Structures are given as C-alpha cells and as structure tokens.
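> Protein chains in written order, with my numbering: chain U, 2 to 322; chain Z, 128 to 769. Beta carbons are placed, not taken as given, at the ideal position from N, Cα and C, and that holds for glycine. All of these numbers come straight from a predicted model, not from anything done at the bench. Quick one: structure below, then a few questions.
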Amino acid sequence: MAQDLMLEKWSGKISTVTIGATIADGGTRKHSIKIGGEKSLPNLFKEGAIPNKTQIAFEIWDAPPTDWPDELNKIYGSYYKDPITWAKTCVEKYKATCLCVRLQAAHPDFGNKTAQQEAQFIKELLKAVAVPLVIIGCGDDSKDSLILPACSEAAKGEICLIGSAVQNNYKTLAAALSADGHNIIAESPIDINIAKQLNILISDMGLPLEKIVINPTIGALGYGLEYAYSIMERARLAALSGDKTVASPFICFVGQESWQVKEAKANAEEFPAWGKETERGIIWEILTATALIQAGADLLVMRHPLAIEKINKYIEELYQC
Amino acid sequence: MEKFKVTFYPDNLTIETEKDKTILSAAITAGVYINSACGGDGVCGRCKVVVKSGKVITQPNGALTLEEKRRHVYLSCLTTIHGDTEIEVPSESRLEFVNLTPQELELRLKGLYTDAEEIEHVAPGLTEKIFIHSPLATKHLLNLPKPSINDNTSDLERLYREVRKIQNIPVMQTGLANIRQLSELLRDSDWIVTVTLGKRNDTVEIVLVESGDTTKTNLGLCFDIGTTTISGQLVDLNTKKVLGTKATYNKQASFGSDVITRIIYAREEDGLLKLHNSVTDTMNQMIKELIQEHNIDLNDVTCILCAGNTTMTHLLLNVDPTYIRREPYIPTANFIPTIRAAEASISINPRGLLSCVPGVSSYVGGDTTAGVLSSGLYKENDLSLLIDIGTNGEIALGNKEFIIAAAASAGPAFEGSGVSCGMRASRGAIQKVNIDPKSFEIKYLTIAETKPRGICGSGYIDIIASMLKTGIIDKNGKIKIDDHRRVRKSESGKEFVIAFKEESDSTTDIVISEADIENLKRTKAAIYSASALLVRHMSLDFSSVKKIFIAGGFGTSLEIDSAIAIGLLPDLERSRFIFIGNSSLAGAREILLSYEATKLADKLARKITYLELSVDPAYMDEYMAALFFPHTDLKKFPSLRL
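Below you can see the structure in the form of structure tokens.
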C-alpha cells in the first residue's frame with residue numbers, strides 16, 4: 002500500500018553563509034564552504050531543500066593548550082609551539098577542509114600577544130594554508146576588542162568567520178567585520194531570546210543578517226546537551242516559520258565541550274568500569290557531534306582526527322538517504 | 128541608657144535620642160522624613176545626610192563616593208549616633224509630604240476627573256451616571272409621635288417604627304452609645320431628630336441620632352491608597368458633588384518603596400504599627416485639610432470608602448500582611464466587613480463607618496476591583512484591557528462575559544524609585560524631552576515648568592524612546608556613542624546627561640545611566656509580558672483587544688507613541704488607548720455613592736479570575752523576550768518601522 006508522508010510546508014529559510022574567498026571571489030582560498038540554506042528541519046530531506054552538508058572545522062590554538070587531555074596531546078602536542086605547522090598538518094595529513102583558529106596567545110595569561118602580533122600571525126597562517134578560516138578570540142572581552150578588528154583587517158578579502166560577539170560586546174567587532182566583508186559569530190548563552198536580540202543588534206550595526214552564524218552555546222553529552230538541543234530546535238522552528246532574525250546557521254564547539262568532561266579525560270585506573278580512555282574521549286566527541294547534527298548544527302568545530310573522520314563518514318551516509 | 132541630642136537642619140529640629148539609634152530612626156521620631164527606598168537595608172543609597180558635628184559610627188557600604196565621604200556624607204540607615212550630633216538633610220534625601228499643587232493634582236487626575244469641581248461633566252464615555260444614588264450613609268429627618276399610655280412602645284422601637292415607614296428594613300442595629308443617650312435626646316429635641324442610617328454589609332445600623340434637622344449636611348470621603356500616592360476626595364453624599372480632592376505621598380515610603388519590603392518590615396518590632404500609623408496619619412492630615420478648607424464640621428463626615436491593593440488594605444486596618452508574601456500567598460481577608468472608622472484610627476465622626484473595596488487575591492486588590500468598575504470594563508461587549516501602571520502593575524482583561532486579572536511586580540522605577548535621578552511626578556520633574564538627532568542636544572519640559580529637579584516615569588519613557596530613535600542607545604539599552612559632552616563613563620557603565628547641574632535645581636547633573644535603563648527595561652518588560660500572557664492565556668491576540676484603559680497617576684502625561692516605542696504598551700491603533708487617570712479613586716467614589724455599585728464591586732471581586740503569573744511556565748519566557756527595546760519579536764511592533 003502506498004503511503005503519503007505528512008509534510009510540513011515551511012515559509013522561512015535559513016540563510017546561506019559562505020566562508021572563504023577563492024581567487025575568483027578576490028581571495029586566496031583554494032575553495033570556499035557554504036553552510037545553512039535549509040528549508041526544512043534537520044535531515045528531513047523530503048520536507049524541503051537541505052542544500053549544504055554539515056561542515057567540520059579543525060580546532061587549533063596559537064598558544065599551547067593547558068587543559069587538553071593526553072589523547073589530544075599525543076596527536077598535536079609536538080605542534081603546540083608551532084601553530085603554523087599544526088595548521089598545515091591538519092590540512093595535509095588529516096585533510097581538513099576548514100580550520101578554526103583560537104587566538105589564545107593574546108590572552109593576558111597565555112602570552113598577552115598584541116593586536117599587531119596576532120594580525121601578523123593571521124597573515125602567515127593565510128599564506129601557509131589555503132582552506133577557509135574561522136577565527137576566535139581569546140575570551141577576554143577587552144583584549145578581543147583589540148585583536149579581532151586587527152585580524153579582520155589582516156584577513157580582508159578572505160571572507161572569514163570571526164567571533165565571538167556577545168550581547169555586551171558586539172559593537173567594535175560588528176563594525177570591523179562589516180568594513181572588511183567577513184562573517185560574524187553571534188554567541189548567546191543557551192537562550193533563544195538573547196540569540197535573536199544579538200542578531201538584531203548586529204544587523205542594526207550594518208552587518209546584514211545573512212552574515213551571521215549563531216553559536217547557541219552547547220553542552221557535551223551528559224552535560225546539558227538536551228538543553229542546547231531544545232534551544233536549537235526552537236530557533237529552527239521560529240526561523241522556518243518566517244522569523245528572519247533567528248534564521249542563521251549554527252556553529253557548535255563540539256571539541257571544546259566534549260574534551261573537558263570527566264568521562265572524556267579520566268583514565269581507566271580511576272574508573273575501570275568505564276573502559277579505555279584512549280577510546281572514550283573520541284566516542285564522547287562523536288556522540289556529541291551526531292546529536293548536534295540532529296539538532297541542526299551547520300558547522301562543527303572538532304578536535305580529534307579520528308572523531309572527525311567518523312563524523313564525516315556519518316554525514317556522507319546521512320546525505321545518501 | 129545614654130541619651131544624646133540630635134539636631135536636624137535646615138528644619139532646626141532637636142530631639143533626644145538613645146545611643147545606637149540610627150540617624151534614619153531618629154529622623155522619623157523627629158518628624159524629618161528621609162528617603163529610604165530599601166527600608167533601611169543600606170542598599171538604595173537614598174538616605175544620604177551630612178554630619179556637621181558630633182560622633183557617629185557607620186558601617187561600610189558601596190553607595191558613597193570618596194568625595195562624599197570627605198564631605199562627611201553618611202547613609203542615615205547604617206549610621207548610629209554616639210554623641211550630640213548636628214545633621215544636615217539635603218533636599219535630594221527628603222521625602223516630600225507637601226501636598227501636590229492644584230496643577231500637579233490636575234495632571235494626576237486628568238481623564239476621569241479633569242477637575243474636582245467638574246465632576247458633573249466627566250470625560251465622555253466614562254462613568255456616566257449608571258448607579259442608583261444610595262450612599263453608604265444616608266440621613267433622614269424623623270418627626271416621632273410622642274409616646275402616650277396608648278402608644279407606649281419604647282424609645283428605640285419608636286425610632287425603628289418611624290424608620291420603617293420610610294424604608295423597609297426588617298433588621299436594624301444600634302450601638303449601645305446611641306441607646307444610652309436616646310431618651311434624653313428625643314425629649315430635648317421635642318421628638319424631631321435626624322437619623323443617619325449606615326449600611327453595614329446586609330444590615331442597617333442607626334449610626335447617629337442628632338437633634339433637629341441636619342439632613343442638609345451629609346458628607347463622605349473616598350480614598351485610593353496607593354503604594355506610592357494616596358488620593359482622597361470629599362463628597363457631598365446628598366448631591367454627589369465632589370467638594371475637594373487631595374493627593375499626597377504615602378508616608379510608608381520611608382519603610383520601603385514596594386509592598387514586599389513593607390510586608391517584611393511589618394514583621395519587625397512595632398513594624399506593623401508604624402506602617403499602620405504612617406498611612407492613617409497621612410489620611411487624617413488630608414481629611415483635616417479637606418474639612419478645614421470647606422469649613423465643615425468633622426462630625427458631618429459620616430463615612431469613608433477606601434480602595435487599595437491587598438497589602439495597603441491590610442496595613443490600613445492594622446492586619447498582619449505576612450502570609451501575602453509566603454507561598455501559597457494567602458491574605459487575611461479579601462472582603463472586609465464595614466467597620467467603624469475609629470477602629471482603624473481614621474478620624475471622621477467617631478461613629479462613622481469605614482468600608483473597603485473588596486479585593487480578588489493577595490496581589491490583585493480592591494484598587495483593581497474599583498478600576499474594573501469605574502472603567503466600565505465589566506460591561507464592554509468587546510475585549511478590553513485595563514493596565515494600571517503603578518508600583519504593582521495590575522492588569523485586567525475581559526468584557527461583560529469574563530474578567531481575568533494578574534499583577535506584574537513591575538517595581539517602582541516608573542514612579543522614580545531605584546533609578547539614579549528618579550522622582551515622582553511633581554514640580555520640577557522632567558516629563559517630556561526632545562533630542563536633536565544630529566547634535567544630541569536636549570530640550571525638556573518639566574512639570575510646572577520650573578527648573579528640573581529629576582525625572583519622573585513619563586519622562587523616562589520619553590527619554591528612552593528618544594534615545595532609541597536618535598541612536599544614542601541600542602535596542603538592548605546600552606549607550607552607543609562615546610565622544611560627546613553629554614556622555615560619561617561611570618563605575619556602573621556609561622551615563623547620559625539630560626540636564627547639567629548649572630541649568631537645574633539639583634546639586635548634581637541629572638543623568639540617565641545604563642543601569643537606570645536596565646531597571647526601566649525590566650519594569651516595562653514586566654508590565655508588557657504580564658499583559659501579553661493574560662491575552663495569550665485566553666488564547667487571544669492583542670489585535671482582538673478593542674479598548675485599552677491606561678490607569679495610574681503616571682499615565683496622565685504619558686506619550687502613547689513613546690510608551691509603544693519602548694515596548695511598554697502593545698502596538699495597536701492609538702485610538703484604542705483611553706487614559707482614565709486614577710480609576711481606583713473613581714471606583715471608590717462610585718461605591719461610596721451607591722449601594723448598587725457596592726453590590727457590583729462584591730460581584731466583580733468574586734467574578735474576577737486571578738492568574739498567578741509566577742506559576743505559569745510561559746511567564747519567564749514572555750518576560751525574557753520583552754527585555755529588549757521594543758521587544759525581541761520585532762513583528763509585534765509593526766508600526767515602528769525598525
């Protein structure tokens with residue numbers, strides 16, 4: 002017996018954000034990536050167009066991370082002092098199609114690099130690798146207000162994704178990115194209202210809504226993941242119903258959240274019942290990522306190459322449905 | 128116990144006080160009223176005084192700047208007296224109890240009562256004479272047949288018999304005091320007396336028996352007891368004419384600016400009594416002035432009708448309000464039986480009656496019942512909304528079929544409390560502004576057009592709307608511009624100067640800070656989200672609300688466009704908004720003048736459904752979405768072209 006699917010007809014659409022400018026677009030990237038553009042809830046391929054696959058960016062730092070567990074140190078530890086080589090390794094060895102660089106060295110506790118030094122670093126990085134870049138500040142509001150505009154200018158023409166703008170510190174960044182043609186990450190604390198408000202504030206500054214990627218803030222599996230999931234779902238429902246102020250793609254910092262939980266870090270001697278730590282962290286990152294893909298994540302920032310490989314495979318299979 | 132002399136300047140009042148007493152407490156004893164929005168917790172920083180000489184001990188706090196400490200400024204609530212002391216109370220720290228000027232009064236009572244004398248022609252469409260005239264207390268002239276051997280019924284029964292000839296009253300009561308004086312009185316007045324009949328719930332009492340004919344002078348009072356303002360009217364019960372109207376500030380403000388702090392204060396030693404005395408003192412002073420100005424004998428005032436929120440009614444009657452604040456929020460009584468005014472320490476005729484408009488719940492009181500009655504919301508065919516923008520923003524939604532009400536704990540920001548340069552709507556308050564979109568220079572209009580002393584609620588609404596429009600602040604309420612002579616950085620963010628001290632009647636610049644805007648944003652969000660939730664609770668939409676009655680002392684000079692621009696009121700056709708001024712006082716007056724209105728108020732208080740917002744899971748979400756100018760969902764404000 003033939004069955005007709007009950008299909009929801011949505012009036013709204015998620016905006017499409019392009020990261021990276023190729024030579025044709027006036028930049029120097031070998032390729033660009035597109036995220037967003039959905040006309041349906043996540044992975045309901047029959048309901049509406051889902052033109053772009055979920056993308057993954059490798060996370061790298063420009064200062065040695067102090068809280069990454071051994072499983073990550075084993076892989077990246079030798080590059081911590083040389084972020085350019087770290088970046089090249091991700092692209093060449095692990096086939097990264099996008100990099101997310103965290104400018105941790107600007108943080109007062111991590112070297113306190115100046116805006117000029119960070120801008121110089123971004124220029125070198127752009128020369129060293131040809132993939133699209135996501136650039137994240139050090140997390141210190143006043144310092145980020147200095148370094149991010151400088152890096153924005155250094156990367157002018159390359160159409161990066163730069164962040165994060167928060168509700169009480171978005172003006173300087175929005176103004177700089179608007180002038181240099183980049184995209185912005187708007188970060189809200191698991192709150193759909195603040196996510197919308199921040200999008201409105203940023204677009205009031207002259208950076209169009211189509212240039213915004215929302216960081217909804219997530220928790221790892223077991224650490225509030227379902228809360229993040231429901232906020233993302235609510236935002237998607239509002240966007241697809243026609244609310245343009247929240248119709249932006251999502252970026253989710255999967256690696257950062259997954260690798261800081263006890264279940265990913267603790268060794269087997271401490272918790273024998275939990276199994277080998279060599280696998281546990283990777284599994285945690287994979288499971289967090291898969292759940293977020295179901296929630297509608299468009300760009301995942303991840304750490305472990307094996308986890309990224311598995312998720313890439315999962316995405317391929319999903320899109321064959 | 129050691130005692131010290133404390134002198135307050137510029138009043139030049141000296142009192143003796145015990146060691147360890149706070150300056151604030153000594154000031155109240157001396158009759159010097161100092162601002163204390165937080166009720167003596169040392170957090171609001173409003174009770175600053177200058178210690179000119181003497182010995183005091185203070186506690187550390189963050190409300191004073193170094194410069195102020197150098198000038199010997201102290202917080203009077205945290206500072207105790209340890210020697211003979213001289214204290215200067217600056218004008219910013221004073222609670223003003225001066226009566227409002229006629230002009231201020233006119234502003235507050237605009238709408239229903241444009242002018243006390245114009246009561247016969249009220250604003251069109253409102254409070255038409257719909258209730259049968261039958262006041263709470265009526266006077267009747269009786270010419271009693273003299274007793275004889277054949278007609279030997281007792282004096283009291285004789286009186287009842289004559290009363291029953293005029294009215295069919297099966298059950299009557301008379302107080303012992305009246306019975307004691309009856310025999311002499313009847314004979315001395317040659318059996319011609321005037322009786323005052325008072326309605327005490329469903330029975331009738333002979334309140335007074337007077338010699339001769341006094342029926343011409345029968346007066347009553349109605350009061351709206353607000354958390355911030357108390358308004359009262361003297362009414363001729365025979366002609367329904369309002370003889371005089373007065374409004375003043377509730378002296379309870381020195382114990383905290385909202386009902387919750389006052390309920391907490393009532394638990395302190397003598398706290399309840401102090402709160403009770405503050406309100407009755409205020410009312411008695413107003414009554415005294417009203418009768419003196421109209422050359423009336425206090426004995427001719429036979430009844431008083433009061434409308435207030437549930438907490439104010441409890442405090443008026445000296446009833447413990449504690450459980451109003453504690454889950455599950457139970458008041459001692461919503462329906463208060465009519466009592467003798469003297470029992471509540473209100474001075475009218477010693478045997479005169481006091482009645483309170485019945486309330487609905489702990490947070491929707493008699494003032495709302497009175498407002499629903501006087502606005503006529505209860506008989507509207509179309510869906511109507513009543514928004515009382517006060518310290519407790521009460522909201523009622525309904526029509527002749529149903530009424531549902533809620534209270535938004537809006538806070539006193541629109542009444543000038545909790546904001547750095549806030550003041551109540553009185554002389555010198557900035558109430559309107561015009562900001563030049565290019566130069567950001569400001570023209571302002573103050574109440575009574577005097578030099579500015581501060582900013583009142585409607586002024587804040589207009590200022591925020593203008594700052595949004597000119598791009599001085601973003602939709603989150605943060606000041607966007609940096610290099611301008613009016614923009615300054617302070618410890619708690621940026622501030623914008625509205626009036627420099629040179630042009631003002633204040634010792635400091637009149638500013639609006641980011642913290643103030645945040646506070647006002649929360650207040651407007653509370654009122655808007657409560658209204659939105661009420662409407663949503665009935666599965667309706669704002670667009671189906673045909674009439675919106677705006678009540679409250681602050682609503683009188685409100686720019687409706689500005690109130691919509693900041694998201695305080697829903698974006699509907701401006702013609703749907705109707706200012707009704709003090710709807711609580713208007714309702715109390717109707718009830719004073721008509722037994723029919725009394726019965727209706729009882730019915731309304733039972734009929735109104737109370738919605739407790741705090742237990743509705745959607746409330747927090749509505750509130751969070753409203754914490755933006757005008758709202759997170761811009762589609763709700765289509766006329767603003769954002």
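In chain order, what are the residue ranges of uninterrupted beta strand (DSSP E) at least 3 long that sit wholly in the stretch 311-362 of chain Z?
319-327, 330-338 and 346-352
> If you follow the beta strand (DSSP E) that HIS403(Z) is part of, which residue opens it and which one closes it?
Taken as a continuous stretch (DSSP letters only), HIS403(Z) belongs to no beta strand (DSSP E), being part of the alpha helix (DSSP H) at 398-420.
> Would a check of beta-carbon distances place LYS197(U) closer than 7 Å to chain Z?
yes
> Using only CA atoms, which one of ALA156(U), THR173(U) and CYS161(U) lies nearest to ASP142(U)?
Nearest C-alpha to ASP142(U): THR173(U).
> For TRP275(U), count neighbouring Cβ atoms within 10 angstroms of its own Cβ and tell me buried if that reaches 16, exposed if not.
The residue is exposed, with fewer than 16 neighbouring Cβ atoms inside 10 Å.
> Note down, in chain order, each residue of its chain lying with its Cβ closer than 6 Å to the Cβ of GLU337(Z), except the 5 sequence neighbours on either side.
THR321
> Ignoring anything shorter than 3 residues, give me the beta strand (DSSP E) runs that lie fully in the stretch 261-302 of chain Z, in order along the chain.
Qualifying beta strand (DSSP E) stretches, in chain order: 264-270 and 299-301.
> Opposite THR23(U) in the DSSP bridges: which residues?
Answer is ARG30(U).
> Give the single residue among LYS621(Z), MET594(Z) and THR635(Z) whose Cα lies nearest to the Cα of PHE627(Z).
THR635(Z)
> Run down chain U in chain order and give the residues with a C-beta less than 8 Å from the C-beta of LEU761(Z).
ILE201 and THR246
> Using a Cβ cut-off of 7 Å, pull out every chain Z residue sitting near GLN168(U), in sequence order please.
ASN603
> Just the Cα atoms here: how many angstroms apart are CYS152(U) and ALA532(Z)?
55 Å
> Is the closest heavy atom of the ligand GTP to the C-beta of GLU280(U) under 6 Å?
The ligand GTP is not part of the structure shown, which contains no ligands of any sort.
> Would you say PHE755(Z) reaches chain U, if we count a Cβ-Cβ gap shorter than 7 Å as a contact?
yes
> Per the DSSP calculation, SER180(Z) is bridged to which residue(s)?
GLU213(Z)
> What are the residues in the stretch 733-751 of chain Z lying within 8 Å of chain U by C-beta distance?
ASP748 and MET751
> Between the Cα of GLU48(U) and the Cα atoms of GLY13(U), ASN313(U) and GLU154(U), which residue gives the shortest distance?
GLY13(U)
> Would you tell me roughly how many angstroms separate the C-alpha atoms of ILE637(Z) and THR134(Z), rounded to the nearest one?
30 Å
> Which chain Z residues sit within Cβ distance under 8 Å of ASP205(U)?
ASP601 and LYS602
> Scan the stretch 157-185 of chain U and note each continuous alpha helix (DSSP H) run of 4 residues or more that stays entirely inside, going in chain order.
172-181
> Along chain U, in chain order, which residues have C-beta atoms closer than 9 Å to that of LYS506(Z)?
Within chain U, no residue comes near LYS506(Z); the closest Cβ sits about 38 Å away, beyond 9 Å.
> Do you know offhand how far SER220(Z)'s Cα is from TYR201(Z)'s?
11 Å
> 7 Å is my cut-off, CB to CB: does ASN1(U) come that close to chain Z?
The structure shown does not extend to residue 1(U), since chain U is modelled only from 2 to 322, so the question has no answer here.
> Using a beta-carbon distance below 7 Å, is TYR376(Z) in contact with chain U?
For TYR376(Z), the answer is no, since every Cβ of chain U falls outside 7 Å of its Cβ.
> Beta-carbon within less than 7 Å of ALA240(U)'s beta-carbon, same chain only, minus the 5 sequence neighbours each way: which residues are those?
Cβ neighbours of ALA240(U) beyond the five flanking positions: GLY13, ILE15, VAL247 and ALA248.
> Is the stretch 162-170 of chain U touching the stretch 721-731 of chain Z, taking contact as three or more C-beta pairs under 8 Å?
no
> Confirm, please, whether the CB-CB distance from ALA116(U) to LEU147(U) is below 7 Å.
yes
> Can you check DSSP and say which residues form a bridge with LEU100(U)?
BP columns for LEU100(U) point to PHE59(U) and LEU134(U).
> Going along the chain, which unbroken runs of the alpha helix (DSSP H) with 4 or more residues stay wholly within the stretch 202-260 of chain U?
226-241 and 255-259
> Answer with buried or exposed for SER656(Z), where buried requires no fewer than 16 other C-beta atoms within 10 angstroms of its C-beta.
buried
> Out of ASP181(U), ASP26(U), MET303(U) and GLU280(U), point me to the one whose CA is closest to GLU72(U)'s CA.
GLU280(U)
> Which chain U residues are close to LYS607(Z), counting only those with a beta carbon under 8 Å from its beta carbon?
Neighbours of LYS607(Z) on chain U, chain order: LYS172.
> Between LEU286(Z) and THR280(Z), what straight-line distance do the alpha-carbon atoms span, to the nearest angstrom?
10 Å
> Since ILE431(Z) and LEU348(Z) are thought to touch, with beta carbons under 8 Å apart, how far apart are those beta carbons, to the nearest angstrom?
4 Å
> Enumerate in chain order the residues of its own chain whose CB-to-CB distance from LYS273(Z) is below 6 Å, with the five nearest sequence positions on each side excluded.
TRP318
> Quick one: complete alpha helix (DSSP H) runs, 4+ long, within the stretch 625-697 of chain Z?
641-664 and 687-692
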